[in-house]
Amino acid sequence: METLFSKEALDKSIERIQKIQPNQQPLWGKMNPSQMLDHCSETMKVARGQKHLDRIFLSYIMGSLMKKSFYNDKPIPKNSPTHKTFIITSTSDFEKSKKELIDHLSAFQAGGIQKCTDAPHSFFGKLTKEQWGMGMYKHLDHHLQQFGV
Numbered sequence: 003m004e005t006l007f008s009k010e011a012l013d014k015s016i017e018r019i020q021k022i023q024p025n026q027q028p029l030w031g032k033m034n035p036s037q038m039l040d041h042c043s044e045t046m047k048v049a050r051g052q053k054h055l056d057r058i059f060l061s062y063i064m065g066s067l068m069k070k071s072f073y074n075d076k077p078i079p080k081n082s083p084t085h086k087t088f089i090i091t092s093t094s095d096f097e098k099s100k101k102e103l104i105d106h107l108s109a110f111q112a113g114g115i116q117k118c119t120d121a122p123h124s125f126f127g128k129l130t131k132e133q134w135g136m137g138m139y140k141h142l143d144h145h146l147q148q149f150g151v
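Following our numbering, the numbering of the sequence shown begins with 3 at its first residue and continues without gaps.
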């Protein structure tokens, strides 16, 4: 499984982000490109320890059973549920959103495992830093595929 701790995975992801156009239509889902970029930036804030989310009740029951789905090779299903904090309904400046996401990704990779959050995931619970790196790559890849890149 790829990880955002890998410079090669980061470079490949940035190349894909650069291919997204402001008016591009998603292959599934409701987000436009800037909303998707903002959504991914918000999730990166969690992985970088800049944003904390409390665990939801259901996560204590289902999270540990489904934890491997966060970082395994199986694709994320289209139109999967999203934590309410990460639902982006406003549209921001596309170029600014693109730069912010690339900055988050670059900082995450540059900080390495040492700078990754120690906080539990809001649904899956306790993750290793390696699992965070793989899961965040998988999440980003899911949304880049959503826009055909």
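Note that the Cβ used here is the ideal one computed from N, Cα and C, for glycine as well.
If I measure Cβ to Cβ from M3 and keep anything under 8 Å in the same chain, skipping five residues before and after, which residues do I get? Here residue 3 is taken as the residue at index 1 of the sequence shown, counted from 1. Cβ-Cβ distances below 8 Å link M3 to Y73, N74, D75, M136, Y139 and K140 in the same chain, with the five nearest sequence neighbours on each side left out; the list follows chain order.
Only counting the same chain, and skipping five residues up and downstream in sequence, which positions put a Cβ closer than 6 Å to that of K80? The residue you call residue 80 lines up with position 78 of the sequence shown. Same-chain partners within the cutoff: W30.
Verify whether the separation of the beta carbon atoms of I16 and V151 is less than 8 Å. Mapped onto the sequence shown, residue 16 falls at position 14. Mapped onto the sequence shown, residue 151 falls at position 149. No.
Output the boundary residues of the alpha helix (DSSP H) element that contains S61. Counting from 1 along the sequence shown, the entry for residue 61 is found at position 59. Counting along the chain, S61 falls outside any alpha helix (DSSP H), and DSSP gives it neither H nor E.
Just to confirm, are I131 and P122 a CB contact at a threshold of 8 Å? Counting from one through the sequence shown, the residue named residue 131 turns up at place 129. Counting from one through the sequence shown, the residue named residue 122 turns up at place 120. Before going further, note that residue 131 is Lys rather than Ile in the sequence given. With contacts defined as CB atoms closer than 8 Å, K131 and P122 fail to qualify as a contacting pair.
Buried/exposed call for Q111, threshold 16 Cβ in 10 Å: Here residue 111 refers to the residue found at position 109 when the sequence shown is read from its first residue. Buried, by the Cβ-count rule.
In angstroms with no decimal places, state the Cα-to-Cα distance between I89 and R57. Within the sequence shown, residue 89 is the residue found at index 87, counting from 1. Within the sequence shown, residue 57 is the residue found at index 55, counting from 1. Taking the straight line from one Cα to the other gives about 17 Å.
Only counting the same chain, and skipping five residues up and downstream in sequence, which positions put a Cβ closer than 7 Å to that of F7? Numbered from 1 along the sequence shown, position 5 holds the residue referred to as residue 7. The beta carbon of F7 lies closer than 7 Å to those of Q111, G114, I115 and G135 in the same chain, with the five residues before and after it left out.
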